[in-house]
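Below is one structure, written out as structure tokens; the observations come after it.
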Amino acid sequence: MVAVLGGRGVLRLRLLLSALKPGIHVPRAGPAAAFGTSVTSAKVAVNGVQLHYQQTGEGGHAVLLLPGMLGSGETDFGPQLKNLNKKLFTVVAWDPRGYGHSRPPDRDFPADFFERDAKDAVDLMKALKFKKVSLLGWSDGGITALIAAAKYPSYIHKMVIWGANAYVTDEDSMIYEGIRDVSKWSERTRKPLEALYGYDYFARTCEKWVDGIRQFKHLPDGNICRHLLPQVQCPTLIVHGEKDPLVPRFHANFIHEHVKGSRLHLMPEGKHNLHLRFANEFNRLAEGFLQ
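The sequence shown: position 233 = 233 (full-length UniProt numbering), numbered continuously.
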């Protein structure tokens, strides 16, 4: 791997693995701090699968939290489920099919898996009787959010995304290859996901994800959803951590340039998991934008 990546790639991989260390928190459902509103968990049948979600708050503004690779509501959005304003928002965090507690089925990665996730996410919120929804999408969840906003414009109110990319480059492919082997991840990052999935499913699904995301590299311009960006109509905030070792700054710039009227907010010390490491700042930013 060292020989393949070269000096710059090795440095980025080291930064990546270092950044992953504090990145996963696994809060359990329980009383939320703001206004004493609890977090409830349930499953609902959507598009032939049982999708798991967590819900909290009593506000009139519905917000869906979309997790990243291998993510779930409980692993990816503890500070948001706990502290986003419960009077203003009803917050839903979902587990995409094959992730978290939305199993079976096992997770797979056909060529349209992001489009499938976008449809599942929108149909989940419709099944929960929300007439319109805003999206907070992290990493893969940000890609899903972009696709949902482009394909279901009348249903998406506003959107905040971070750590997302609309296409795959050679540099991205090297980064993905560097996280293929989960045995090389830090113990602090690996253990919560092992607890959620079991080691075998966790390791196997990570390998499948790397193959799944790298397939876009073989499409024209490495396209994931770049062709859909001009179709996004909702107000969009793009947040980017300047120290994100997984998603280089040029991806945020590209999305900002191609989503009409979008705003780009840079966090100088932010890494890929900026909404966890700087949760209070991120929550204030998201709440202000959504209002």
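Even for Gly, the Cβ is constructed at its ideal location relative to N, Cα and C.
Contact defined as beta carbons within less than 8 Å: I believe Ala148 pairs with Leu135. What is the distance between those atoms, to the nearest angstrom? 6 Å
Is the CB-CB distance between Gly100 and Ser72 below 8 Å? Cβ atoms of Gly100 and Ser72: closer than 8 Å.
Opposing strand residues paired with Gly241 [DSSP bridges]: Met267
If we ignore side chains and look at the alpha-carbon of each, how far apart do Leu219 and Asp112 end up? 13 Å
Note down, in chain order, each residue of its chain lying with its Cβ closer than 8 Å to the Cβ of Asp123, except the 5 sequence neighbours on either side. Counting only residues of its own chain and dropping the five nearest sequence neighbours on each side, Asp123 has a CB closer than 8 Å to the CB of Val46, Asn47.
Could you tell me which uninterrupted beta strand (DSSP E) segments, each at least 3 residues in length, are contained entirely in the region 31-74, listed from first to last along the chain? 40-46, 49-57, 61-66
Straight-line Cα distance separating Gln291 from Pro110: 36 Å
Pairwise C-alpha distance: Thr75 and Gly198: The straight-line gap from Cα to Cα measures roughly 14 Å.
How many angstroms separate the CA atom of Gln80 from the CA atom of Ala286? 10 Å
Use the C-beta contact count for Phe250: other C-beta atoms within 10 angstroms, 16 or more gives buried, fewer gives exposed. exposed
Using alpha carbons as the reference points, say which of Phe278, Val133, Ile213 lies closest to Val92. Val133
Pick from Thr40, Asp117, Pro105: whose alpha carbon is nearest that of Thr90? The closest CA to that of Thr90, considering only Thr40, Asp117, Pro105, is found on Thr40.
Simplified DSSP state of Trp185, which is helix, strand or coil: coil
Name the two residues that bound the continuous alpha helix (DSSP H) containing residue 366. In the structure displayed, the chain extends from 1 to 291; residue 366 sits before or after that span and is not available.
For the 8 Å Cβ check, are there 3 or more pairs between the region 233-252 and the region 198-212? No: the two stretches stay apart, fewer than three of their Cβ pairs being nearer than 8 Å.
Residues in the same chain with beta-carbon distance under 7 Å from Asp140, minus the five sequence neighbours each way, listed in chain order, please. Same-chain partners within the cutoff: Gly68, Met69.
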